[in-house]
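> Quick one: the structure is below, and I'll ask about it shortly.
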Amino acid sequence: MSIKPTPRVRVPAQVKPGEIFEIKTLISHEMESGQRKDSAGKTIPRKIINKFVAEFNGKTVFEADWNPAISANPYQSFFYKAAESGEFTFTWKDDDGSNYVSKNKLTVAA
Amino acid sequence: MVWNSVETTRREALTLASMLGFAALLAPKMSFADEPAVAAEIKKLYGDKKLESGKIKLDVPEIAENGLVVPVNVEVESPMTDADYVKAVHVFADGNPLPGIVSYKFTPACGKASASTRMRLAQTQNIVCIAEMSNGNLHMAKANVKVTIGGCGG
Numbered sequence: 001m002s003i004k005p006t007p008r009v010r011v012p013a014q015v016k017p018g019e020i021f022e023i024k025t026l027i028s029h030e031m032e033s034g035q036r037k038d039s040a041g042k043t044i045p046r047k048i049i050n051k052f053v054a055e056f057n058g059k060t061v062f063e064a065d066w067n068p069a070i071s072a073n074p075y076q077s078f079f080y081k082a083a084e085s086g087e088f089t090f091t092w093k094d095d096d097g098s099n100y101v102s103k104n105k106l107t108v109a110a
Numbered sequence: 111m112v113w114n115s116v117e118t119t120r121r122e123a124l125t126l127a128s129m130l131g132f133a134a135l136l137a138p139k140m141s142f143a144d145e146p147a148v149a150a151e152i153k154k155l156y157g158d159k160k161l162e163s164g165k166i167k168l169d170v171p172e173i174a175e176n177g178l179v180v181p182v183n184v185e186v187e188s189p190m191t192d193a194d195y196v197k198a199v200h201v202f203a204d205g206n207p208l209p210g211i212v213s214y215k216f217t218p219a220c221g222k223a224s225a226s227t228r229m230r231l232a233q234t235q236n237i238v239c240i241a242e243m244s245n246g247n248l249h250m251a252k253a254n255v256k257v258t259i260g261g262c263g264g
């Protein structure tokens, strides 16, 4: 029933050194809260993405711990200050143990 | 239906039973967090440390038409250098089944302690935001959101 979560990330391709820019992320996921009941009155088990981690060149720069109160198809944006060129690794961690990963390159040039 | 009749027919009894059953189905069974629950969560994280005001810009809509998707933006004033930065930000709600919404961990590499996401709100309630600075100081901000349609889908 559930579709495979697809991450979508917007990172500018090229930035100036020292520039502070916004990174916007979105992933398709039903974020089942564990609070709802099905038509038979049984609680639908919780299944959410509980953690989002952003790394740059292997170093963690931002983390978000999500609770069931986060909306379906969770959106997360945050900022990053450009220092050097490299690669972002964004990881979404699901309750069921799966990880969804997106990698995005960043070029820093004056 | 004649209520003062001594005998109740089988049909009447069944109608009454189904009505009661339907009412039970409609009655909310969910329990909600409240202000003490949020205070308890904060105490669990930081004990009885003093909560200062200011520095936090908590941006939520005054009225949310759809409680399923309510944008929440937090921005904390900070130079974000290695010596002085925002370590963590926690967002709580006092009228949801669970008090926690989101916890962020920032690093100086962020350049700016600001993050946005979207949350579910079950009813009209207060949003509480706590920011932990690198020197250990705590700041708090609070905002009320009026919810027209709750986002709990119970």
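Going line by line, the protein sequences match chains X and B.
For the first sequence, position 12 (counting from the first letter as 1) is numbered 12 according to our numbering, and the numbering increases by one without interruption.
For the second sequence, position 102 (counting from the first letter as 1) is numbered 212 according to our numbering, and the numbering increases by one without interruption.
We put the CB at the ideal spot given by N, CA and C, even for glycine.
1. May I ask you to list, following chain order, the residues of the stretch 34-66 of chain X that have a beta carbon less than 8 Å from some beta carbon of chain B?
2. Measuring straight from C-alpha to C-alpha, what distance separates residue 13 (chain X) and residue 181 (chain B)?
3. Kindly list, in the order they appear in chain B, the residues whose Cβ is closer than 7 Å to that of residue 71 (chain X).
4. Less than 8 Å between CB atoms is the rule here; does residue 68 (chain X) satisfy it with respect to chain B?
5. Should residue 146 (chain B) be labelled buried (16 or more other beta-carbon atoms within 10 Å of its own) or exposed?
6. Just verifying my parser: in three-state terms, what is the DSSP assignment at residue 149 (chain B)?
7. Pairing CB atoms from the stretch 219-226 of chain B with CB atoms from the stretch 75-86 of chain X, are three or more of them under 8 Å?
8. Check residue 40 (chain X) in the structure and name its three-state DSSP category.
9. Answer yes if the stretch 234-241 of chain B comes into contact with the stretch 197-215 of chain B, meaning at least three C-beta pairs across the two stretches below 8 Å, and no otherwise.
10. Looking only at C-alpha atoms, which of B:244, B:247, B:232 sits nearest to residue 144 (chain B)?
11. What is the DSSP secondary structure of residue 181 (chain B), counted as helix, strand or coil?
12. Using a Cβ-Cβ cut-off of 8 Å, state whether residue 20 (chain X) counts as contacting chain B.
13. Taking the Cβ atom as the reference point for each residue, do residue 69 (chain X) and residue 210 (chain B) lie within a distance shorter than 8 Å?
14. Which of the three DSSP states, helix, strand or coil, is assigned to residue 7 (chain X)?
15. Under the assumption that residue 100 (chain X) contacts residue 48 (chain X) (Cβ atoms under 8 Å), give the Cβ distance between them as a whole number of angstroms.
16. For residue 198 (chain B), name the three-state secondary structure that DSSP assigns.
17. Going by DSSP in three states, residue 159 (chain B) sits in which element: helix, strand or coil?
18. In the structure shown, what three-state DSSP assignment does residue 103 (chain X) receive?
19. Taking just the CA atoms, how far does residue 57 (chain X) sit from residue 259 (chain B)?
20. To which residues of the same chain is residue 24 (chain X) closer than 6 Å at the C-beta, ignoring the five residues directly before and after it?
21. Counting only C-beta atoms, is residue 105 (chain X) closer than 8 Å to chain B at any point?
22. Return the Cβ separation of residue 110 (chain X) and residue 16 (chain X) in integer angstroms, given the expectation that the two are a contact with Cβ distance under 8 Å.
23. Applying a beta-carbon distance threshold of less than 9 Å, which residues of chain B neighbour residue 81 (chain X)?
24. Ignore the nearest five residues each way along the sequence and tell me which others in residue 96 (chain X)'s own chain have a CB closer than 8 Å to its CB.
25. Residues of chain B with CB closer than 8 Å to the CB of residue 74 (chain X), please, in chain order.
Concretely, from the data shown:
1. 35, 36, 37, 56, 59, 60, 61, 62, 63, 64, 65, 66
2. 26 Å
3. 178, 179, 228, 229, 230
4. yes
5. It counts as exposed.
6. helix
7. yes
8. coil
9. yes
10. B:232
11. It is a strand residue.
12. yes
13. Result yes, Cβ atoms of residue 69 (chain X) and residue 210 (chain B) sit closer than 8 Å.
14. strand
15. So it is not a contact: roughly 13 Å between Cβ atoms.
16. strand
17. Collapsing the DSSP output to three states places residue 159 (chain B) in coil.
18. In the three-state reduction of the DSSP assignment, residue 103 (chain X) falls in the strand class, which pools E and B.
19. 43 Å
20. 10, 77
21. no
22. 6 Å
23. 190, 218, 219, 220, 221, 222
24. Taken in chain order, the residues that qualify are 47.
25. 227, 228
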